[in-house]
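Under my numbering, the letters of the sequence shown match residues -4 to 245, in that order.
Even glycine gets a Cβ: it sits at the ideal position worked out from N, Cα and C.
A quick note: this is a predicted structure, and the numbers were derived from the prediction, not measured.
Here's the structure we're looking at; comments come further down.
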Amino acid sequence: MKHVVVGGTGRIGSQVVQKLAAAGHEAVPAAPSTGVDLITGKGLDEVLAGADVVTNVANSPTFGEASLDFFRTSMDNLLAAGEQAGVKHQVVLSIVGVDKVPQLDYYRAKARQEQMVKWGPTPYSILRATQFFEFMDSVLSWTADGNTVRLPGTRLQPMAAADVVDAVVEVATRAPLQGIRNIAGPEVFTLDELGRITLAAQHDDRLVVTDESAGMFAAVPGDALLASPDTPLAGTHYRDWLRDHAAAAP
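What follows is the structure, given as structure tokens:
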């Protein structure tokens, strides 16, 4: 089968391409660097020719209001080109709890993306994952000030990107769900706790201060980003992941 992976040169997409190819599929990355522009539509018809499955893991270049236009325009173009090419399955990677945080522009944009693929002309699957371990360094940088990092006590259930990749490949190589599947990490943390664990593992002596108004995740209400009790859990634990990545560092 021919799989086109939109965003196929990024953190998740490049690994999805590799896994699909290793399983014997024709896996083609679609990204600006491969001549595909989701916003103008340039290159879409060519890359989708003969495609059976489109897996969309492309991300907006911003978390702000502009993300709404990015996902709206990119999905319009992708769904139209996919229908013309006879694509049989559209897969979208989304976020657990995305429909519960309308305060955040990015989450509203992703929720809109989900609606568009649901209403679109092609059988679909939506895979919702929790936040990635790999994002913690960026989260720490958002509210860092000298020797202090301010983080709210927002509850998260993060997971490793490698586990997300495995789940994406599984969904993409099966029949369309015509619905949503969730996957989450095996442990629940508060974000300030995650910050302290991360800095300690990196031998970083900055102080994490709990501040319920700090950063993007401060707007998240209650347990909105936690998975339901029946959600399948990924196998990688955060402290193990930190240890393995520290050992692999040059």
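Taking residue i as part of the beta strand (DSSP E), name the residues at either end of that continuous run.
i: Glu21; result: 21 to 25
i: Lys(-3); result: -3 to 1
i: Arg123; result: 119 to 124
Considering only their Cβ atoms, is the gap separating residue j from residue i smaller than 7 Å?
i: Pro24; j: Val0; result: yes
i: Lys(-3); j: Gly30; result: no
i: Ala162; j: Ile178; result: yes
i: Arg150; j: Val203; result: no
i: Thr125; j: Pro171; result: no
i: Thr205; j: Gly141; result: no
i: Tyr233; j: Phe127; result: no
i: Ser69; j: Arg123; result: no
i: Ala22; j: Thr4; result: no
i: Val11; j: Val164; result: yes
i: Ile34; j: Val160; result: no
i: Asp47; j: Lys83; result: yes
i: Tyr119; j: Phe58; result: no
i: Leu237; j: Ala195; result: no
i: Ala214; j: Val91; result: no
i: Arg201; j: Val166; result: no
Helix, strand or coil, according to DSSP, for residue i in the structure here?
i: Asp235; result: helix
i: Val215; result: coil
i: Val204; result: strand
i: Ile175; result: strand
i: Asn51; result: strand
i: Ile7; result: helix
i: Ser133; result: helix
i: Asp140; result: strand
i: Arg150; result: strand
i: Phe65; result: helix
i: Arg169; result: coil
i: Leu228; result: strand
i: Val86; result: strand
i: Thr57; result: coil
i: Thr35; result: coil
If I'm right that residue i touches residue j with Cβ under 8 Å, what's the distance once you round it to whole angstroms?
i: Val96; j: Val49; result: Val96 to Val49, Cβ: 26 Å. No contact.
i: Thr231; j: Asp158; result: 5 Å
i: Leu228; j: Gly180; result: 7 Å
Starting from residue i and walking both ways along the alpha helix (DSSP H), at which residues does that stretch end?
i: Leu107; result: According to the sequence displayed, residue 107 carries Arg and not Leu. Its alpha helix (DSSP H) spans residues 100 to 114.
i: Gly190; result: 186 to 196
Count Cβ pairs between the segment 31 to 41 and the segment 184 to 201 that sit closer than 8 Å; are there 3 or more? Cβ pair count under 8 Å is below three, so no.
- At least three beta-carbon pairs within less than 8 Å, the segment 105 to 116 to the segment 215 to 229: Under the Cβ criterion (8 Å, minimum of three pairs), the segment 105 to 116 does not count as touching the segment 215 to 229.
_Within 8 Å, do at least three Cβ pairs link the segment 13 to 22 to the segment 53 to 68?_
Output reads no: the segment 13 to 22 does not touch the segment 53 to 68.
query: At a cut of 8 Å, does the segment 125 to 139 reach the segment 69 to 76 through at least three beta carbon pairs?
result: Touching, no, given that fewer than three Cβ pairs across the two stretches are closer than 8 Å.
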